[in-house]
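When we follow my numbering, the leftmost residue of the sequence shown carries the number -2, and every step to the right adds one. In this text, a Cβ means the ideal position worked out from N, Cα and C, and glycines have one as well. To keep things clear, I will list the structure first and then write my remarks on it.
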Amino acid sequence: MSLSEVLARRRVALGWIVVIATILLARPTWPAWRIGLLVAALGEAVRVWAAGHLEKGREVTRSGPYRWTRHPLYVGSTIMALGIVIASRSIGVAILAAIYMTSTLTAAIRTEEAFLRRAFGDTYDRYRDSRAEPMRRRFSLARAMRNREYRAAAGLAAGFALLALKVIGYL
């Protein structure tokens, strides 16, 4: 198994280590917390929009945000991470988030694109090269739920709750 595959498979477990380090290193204030929450909520909105169009493993999705970017879930995750960095007010958190996001998302993208090439061949290649026709599909909250996007939303809420506890001095 390659390093990319290991990082892609272990990104959630590694994420918990980053969460713990973030709570320890964070120096949030209410103004930073509020701005960070707004930015992170925007990132989660991008993720929900993408998850509401995605039929994971069954097709090359070309509707919603997939018309403009191949990896809108990861775009949303990156925006969420930026919001957490802003709320945390910590250079250490910023460095850790940059390392974590760059390494795990790069690995996940490589792994997923290899799967999509194997599974969908020329269809994926045309999509990757912006030669595929967009598909018409409406956003579906039920589809976003099937894609378990509620887990990212719950994790984001829990993270900001912990940062709020840090602001008021309980952590």
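Margin query: Quick check on D126: does DSSP put it in helix, strand or coil?
Written below: Note: D126 maps to coil in three-state DSSP.
Notebook entry, point to check: Just reading off the alpha helix (DSSP H) that I88 is part of, what are its end residues?
Noted result: Run containing I88: I88 to F117, per the alpha helix (DSSP H) assignment.
Next item on the list: Have a look at A29 and G156 and give me their C-alpha separation to the nearest angstrom.
Entry: Taking the CA atoms as reference points, A29 sits about 14 angstroms from G156.
Check: What are the boundary residues of the alpha helix (DSSP H) that includes P69?
Finding: Per DSSP, P69 belongs to the alpha helix (DSSP H) from P69 to S85.
Margin query: Can you give me the C-alpha to C-alpha distance between V127 and Y71, rounded to a whole angstrom?
Written below: Position check: residue 127 holds Ser in this sequence, whereas Val was assumed. Taking the straight line joining both Cα atoms gives about 19 angstroms.
Checklist line | Beta carbon of R125 nearer than 8 angstroms to that of S1 | finding: no
Next item on the list: Could you check the C-alpha separation between L138 and K53 for me, to the nearest Å?
Entry: 15 angstroms
Notebook entry, point to check: Taking all protein chains shown into account, do 16 or more other C-beta atoms lie within 10 angstroms of the C-beta of V9, making it buried, or fewer, making it exposed?
Noted result: exposed
Check: Which of helix, strand or coil does DSSP assign to Y63?
Finding: helix
Next item on the list: Can you give me the start and stop residues for the alpha helix (DSSP H) that E2 sits inside?
Entry: Unbroken alpha helix (DSSP H) run through E2: L0 to R6.
Checklist line | Rounded separation between L51 and F112 - CA only | finding: 15 angstroms
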